[in-house]
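Chemist: The sequence shown begins at 875 in the numbering used here and counts up one residue at a time.
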Amino acid sequence: SEYTVPYAAHEIAGLHDPMRTLYQNIMLVVREYNAVVDALTSDERQLFADHMRKVDRRLNPGLTKLTWSKRHVKEFFVKVCRDQCRDVSALISAFHGHHQSIMSNCKKIAATSVIAIEKNIVYTDTMFKEAQSRHRAAVEVELAEVHQDIVSRMNQCYEVFKDAPSDVQRSWASYIR
């Protein structure tokens, strides 16, 4: 060839593939972290503040003090950060699922009629009382099941936040009101 390539430039060119792989892995971490943040509303960010602080603590060494030239550090850091993001993402998804079910149950309660009056029927006092007591018994069973499901889901949600600091506890109290 007409030009000689300096050794340093040749060495840097040889690092193209490892650097590209590192870049792709780091972008996976960034995308997963951003997906977690984007999945939260502002109220939910307060609820999940402790979990997000843990993720941030896990990410921080990579932003400030890791030596990226060591191969095992890169692989370990990327794996641990992605695992942490996946764990928090799973918690958020479960929380959203419980929240949707609770809202659905609330709509079911709101749509439940506590009085049953059929059209074109003239009731006597005793007939009306019997029809209403049968309907009331069926509604009570249905409402008890819905209530139990709501309580169960709220307890499952609270398990995520029960050991959290006081700011998260206040956010939880605000959420359940």
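Note that beta-carbon positions come from the ideal geometry of N, C-alpha and C, so glycine has one too.
Quick check on this structure: which residue in TYR877, ILE1024, VAL879, VAL904 has the alpha carbon closest to the alpha carbon of PHE969?
Modeler: The option with the nearest alpha carbon to PHE969 is ILE1024.
Chemist: Mind checking which residues open and close the alpha helix (DSSP H) that includes ASN994?
Modeler: That residue, ASN994, is in no alpha helix (DSSP H); it is neither H nor E in DSSP.
Chemist: Which whole-angstrom value describes the C-beta separation of VAL988 and VAL1013, a residue pair presumed to lie in contact below a C-beta threshold of 8 Å?
Modeler: Yes, they are in contact, since the Cβ atoms of VAL988 and VAL1013 sit about 6 Å apart, within 8 Å.
Chemist: Return helix, strand or coil for LYS1036, following the three-state DSSP convention.
Modeler: Looking at LYS1036 - three-state DSSP - the assignment turns out to be coil, as it is neither helix nor strand.
Chemist: VAL910 and CYS959: beta carbons closer than 7 Å?
Modeler: Yes, these two residues count as a Cβ contact at 7 Å.
Chemist: Do ILE966 and ALA913 have their C-beta atoms closer together than 7 Å?
Modeler: Yes, these two residues count as a Cβ contact at 7 Å.
Chemist: Using only the alpha-carbon positions, how far apart do HIS946 and ARG1044 sit?
Modeler: Each residue's alpha carbon lies about 41 Å from the other.
Chemist: Measuring alpha carbon to alpha carbon, tell me which residue in VAL996, ILE995, LYS928 is nearest TYR907.
Modeler: It is LYS928.
Chemist: Distance check for VAL903 and PRO935, CA to CA, integer angstroms please.
Modeler: One C-alpha to the other measures close to 14 Å.
Chemist: Taking 7 Å as the threshold (C-beta atoms), are ASP924 and VAL1042 in contact?
Modeler: Yes, the Cβ-Cβ distance between VAL1042 and ASP924 is below 7 Å.
Chemist: Whether or not the stretch 1005-1022 and the stretch 978-988 are in contact is what I'm after, with contact meaning three or more pairs of Cβ atoms, one per stretch, closer than 8 Å; do they touch?
Modeler: Yes, the stretch 978-988 is in contact with the stretch 1005-1022.
Chemist: At the level of alpha carbons, what is the spacing between SER1040 and TYR1049?
Modeler: Straight-line Cα distance between these residues: approximately 14 Å.
Chemist: On the criterion of 16 or more Cβ atoms from any shown chain inside 10 Å, does ARG1027 qualify as buried, or is it exposed?
Modeler: With 16 or more Cβ atoms within 10 Å of its Cβ, ARG1027 is classed as buried.
Chemist: Assign PHE922 to one of two classes, buried (16 or more other C-beta atoms within 10 Å of its C-beta) or exposed (fewer than that).
Modeler: Buried.
Chemist: Would you grab the beta carbon distance between ALA990 and HIS973 for me? Rounded to a whole angstrom, and I think it's under 8 Å.
Modeler: Wrong, their Cβ atoms sit about 31 Å apart, outside the cutoff.
Chemist: Just mark PHE950 as buried or exposed, buried being the case when its beta carbon has 16 or more other beta carbons within 10 Å.
Modeler: Exposed, by the Cβ-count rule.
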